[in-house]
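Below is one structure, written out as structure tokens, with a few remarks after it.
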Amino acid sequence: MEMRIKTTRIKKPRRETKEKLLSFYNSSFPKSQWSADYLDSFFRKKNKGVCFLAKNKKEILGFALGKIHRDDEDSMTLCALYVDPSLRGGGHGGGLIRMFLAQAFESGLFKKAIIHYRDSNDLRIFYEKSGFGKHSIVGEYSNGEKKHQMEILKENS
Numbered sequence: 013m014e015m016r017i018k019t020t021r022i023k024k025p026r027r028e029t030k031e032k033l034l035s036f037y038n039s040s041f042p043k044s045q046w047s048a049d050y051l052d053s054f055f056r057k058k059n060k061g062v063c064f065l066a067k068n069k070k071e072i073l074g075f076a077l078g079k080i081h082r083d084d085e086d087s088m089t090l091c092a093l094y095v096d097p098s099l100r101g102g103g104h105g106g107g108l109i110r111m112f113l114a115q116a117f118e119s120g121l122f123k124k125a126i127i128h129y130r131d132s133n134d135l136r137i138f139y140e141k142s143g144f145g146k147h148s149i150v151g152e153y154s155n156g157e158k159k160h161q162m163e164i165l166k167e168n169s
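If you're matching positions, the sequence shown starts at 13 in our numbering and goes up one per residue.
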């Protein structure tokens with residue numbers, strides 16, 4: 013299936029787009045459900061949120077969502093990455109990450125990008141291939157799974 017990745021900044025998402033993003037996220041990450049209000053937080057100006065959509069014609073097949081890190085205003089957190097299961101392994105997730113990093117670093121606002129993942133969704137090798145490093149365990153989720161963190165620094169920062 014051919015897919016073109018399009019950078020999309022959504023300030024006021026259409027209801028259908030928001031419902032699709034929320035459905036993708038909640039079905040992919042059943043241990044970490046999001047509310048509609050939390051999804052809306054990405055589009056509040058103070059959070060400097062970004063949304064990238066992977067689309068084939070008009071259908072959303074993947075997305076990356078990120079916003080300013082709550083404890084470090086020089087960092088942006090990639091909070092969610094989703095690619096339709098039928099497209100995984102085709103480089104689309106890496107493409108979304110590259111777009112996320114370009115936006116984070118080229119804006120001049122951020123010096124570091126951070127990702128988190130849980131034991132049951134071990135993506136360490138995938139994120140390492142995308143340039144992330146400095147793996148650490150930074151806590152636990154409510155179900156007892158370890159919270160892994162990786163980061164990537166802006167070059168020359």
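Just so it is clear, CB atoms sit at the ideal spot from N, CA and C, and this is done for glycine as well.
E31 - containing beta strand (DSSP E), residue span = Careful: E31 lies outside any beta strand (DSSP E), inside the alpha helix (DSSP H) at 27 to 40.
key: Chain-order list of residues whose beta-carbon lies under 7 angstroms from that of P25 (same chain, five-residue window excluded)   = Cβ neighbours of P25 beyond the five flanking positions: F55.
task = Apply the 10 Å Cβ neighbour rule to V62 and answer buried if 16 or more other Cβ atoms are within range, or exposed otherwise.
result = Residue environment: V62 is assigned as buried (16 or more neighbouring CB atoms within 10 Å of its CB, all protein chains considered).
key: Range of the contiguous alpha helix (DSSP H) that encloses Q161   = Q161 -> not in any alpha helix (DSSP H); beta strand (DSSP E) instead, spanning 158 to 165.
message = Restricting to Cα atoms, I'd like to know which of E140, D131, K60, Y129 is closest to R110.
response = Minimum Cα distance to R110 is reached at E140.
ask   = When you compare only the Cα positions, how much space is there between R82 and F117?
value = Take the alpha-carbon of R82 and the one of F117: they are about 17 angstroms apart.
request  = Taking G105 and F138 to be in contact with their CB atoms under 8 angstroms, please state how far apart those CB atoms are, rounded to whole angstroms.
outcome  = Indeed they touch by this definition, with Cβ atoms about 7 angstroms apart.
query = Excluding five sequence neighbours on each side, which residues of the same chain lie with their C-beta closer than 7 angstroms to the C-beta of I80?
reply = Counting only Cβ-Cβ distances below 7 angstroms, and skipping sequence neighbours, we find N59, K60, M88.
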